[in-house]
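Sequence order for the protein chains is A and B. Every number in the numbering used here is 43 more than the matching position in the first sequence, counting from 1. Every number in the numbering used here is 43 more than the matching position in the second sequence, counting from 1. For each residue, glycine too, the CB sits at the ideal point set by N, CA and C. Everything below concerns the one structure shown next.
There are 2 protein chains.
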Amino acid sequence: MKINEGVEWAAHCCLLLNWMEADGPVSTARLAAGYGLPPAYLNKQLQPLVKAGVLTSTAGKKGGFRLAKGLGDITLMDILTAIEGPDEAFKCAEIRQAGVWADLPASAFRAPCAIDTAMRSAELEWRRALAAQTLAQVQANAELQAPGLRRQVQDWYAAR
Amino acid sequence: MKINEGVEWAAHCCLLLNWMEADGPVSTARLAAGYGLPPAYLNKQLQPLVKAGVLTSTAGKKGGFRLAKGLGDITLMDILTAIEGPDEAFKCAEIRQAGVWADLPASAFRAPCAIDTAMRSAELEWRRALAAQTLAQVQANAELQAPGLRRQVQDWYAAR
DNA sequence: GGAGGGTTACTCGGATAGATCGTGTCCGAGTCCAAGGGG
DNA sequence: CCCCTTGGACTCGGACACGATCTATCCGAGTAACCCTCC
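Shown next as structure tokens:
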């Protein structure tokens, strides 16, 4: 039960892409350099975001990634599902249907597994909280805590 | 991001152990037979629960596992942390401290990473929901949906 | 000067290895029960 | 009849393979910009 680090990378990149929006597409190499990440692997992590409609990619010279929509329309849930896939973390294997319960009539399984229900509802709380957090809010918090950072990052990239 | 199936196994076993409490310890072989699981692997999954103080184990003939406390004192969170470990699913690697941010003064990192904060708070919601669910509640729901099941299971084990 | 074509350099995207973690199995140390013998 | 010893079988616990997923890298198809030539 460990979340791919690509989720963190993607979130950071989205925030950065928003800051760099005026400069056109940003290539994987530039993004990776900003965070000290392996460029090729970062590229691989960003690809599912393109498929999910969070980013758009353009090839060729001066190509790179760009936000497909505003930060307010992107939630942490979007990023997670794009990279981790749509499946839930807890997967009920219905082990109760074997052994002791194998001889029971099928009607006994009409009701869902109580454990599965409890685990699902808890996980739903998590996903609900993730879906409630837009990247716009996250960025607002970040800029609130470090007001000059945005300009500093833009300058660093401009001089590169 | 996939939860070990051992979590589901452990939860089911705890409920079963509660039903079989009067019969003394239940061995791994009997537990596994009840769910059609590989006995040795189930044993391996239950061991951390003993270390966590959820179960007690006794060796030798007529040995096996037994609940260390009442179902009301065991939460889904206990089981999860016992098997998955205490670490959180989302681990912030502080990638913001490399590249662009490498030259910034240390004071810039006094404030926590905004992404980390948002992810953590969402995950906390999940853990809070898990900690609020005791196995006693889960079992109550299960027995409510299938009233005769408890007796049926006890009989199956008694005849074995 | 402007337009068109070719070159070039750079981009993403997917196909290909290595590392880490989850899954499954096996055997040994320890222990409890039971039976048998002696008092 | 009761107690102690001895044997045995069964248990958990950890050490040992296998497989899948995550991590990391490489190379190729494609494309947009640029430059040079020609009109």
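On the DSSP letters alone, give me the boundaries of the beta strand (DSSP E) that residue 109 of chain B sits inside.
107-110
List the residues of chain A that residue 158 of chain B touches, going by C-beta distances under 7 Å, in chain order.
51, 54, 55 and 181
Cβ closer than 8 Å: which chain A residues qualify as neighbours of residue 29 of chain B?
In this structure chain B extends from 44 to 203, so residue 29 of chain B is not present and cannot be described.
Using 8 Å for Cβ pairs, my map puts residue 118 of chain A next to residue 71 of chain A. What's the rounded Cβ distance?
Not quite, the Cβ-Cβ distance comes to about 24 Å (not below 8 Å), so this is no contact.
Excluding the five sequence neighbours on either side, which residues of its own chain have a C-beta within less than 7 Å of the C-beta of residue 137 of chain A, listed in chain order?
156
Taking 7 Å as the CB-CB limit, is residue 191 of chain B close to chain A?
no
Thinking C-alpha only, which one of B/86, B/180, B/171 and B/197 is nearest residue 114 of chain B?
B/180
For the region 80-98 of chain A against the region 130-145 of chain A, do three or more pairs of beta-carbon atoms, one drawn from each stretch, fall closer than 8 Å, so that the two count as touching?
no
Let me check one thing: in DSSP terms, what residues is residue 177 of chain A bridge-paired to?
Answer is A/118.
Taking the alpha-carbon of residue 108 of chain B as reference, which of B/94, B/121, B/120 and B/116 has the nearest alpha-carbon?
B/94
Please report how far the alpha carbon of residue 92 of chain A lies from the alpha carbon of residue 203 of chain B, in whole angstroms.
Distance between the alpha carbons of residue 92 of chain A and residue 203 of chain B: 54 Å.
May I ask which residues mark the beginning and end of the beta strand (DSSP E) holding residue 74 of chain A?
No beta strand (DSSP E) contains residue 74 of chain A, which is instead part of the alpha helix (DSSP H) from 71-78.
For residue 101 of chain A and residue 68 of chain A, what's the separation of their Cα atoms in angstroms?
7 Å
List, in order along the chain, the chain B residues whose C-beta lies closer than 8 Å to that of residue 69 of chain A?
Those within 8 Å of residue 69 of chain A in chain B number zero; the least Cβ separation is about 12 Å.
Residue 176 of chain B CB to nearest chain A CB: under 7 Å?
Taking 7 Å as the threshold, the shortest C-beta distance from residue 176 of chain B to chain A falls below it.
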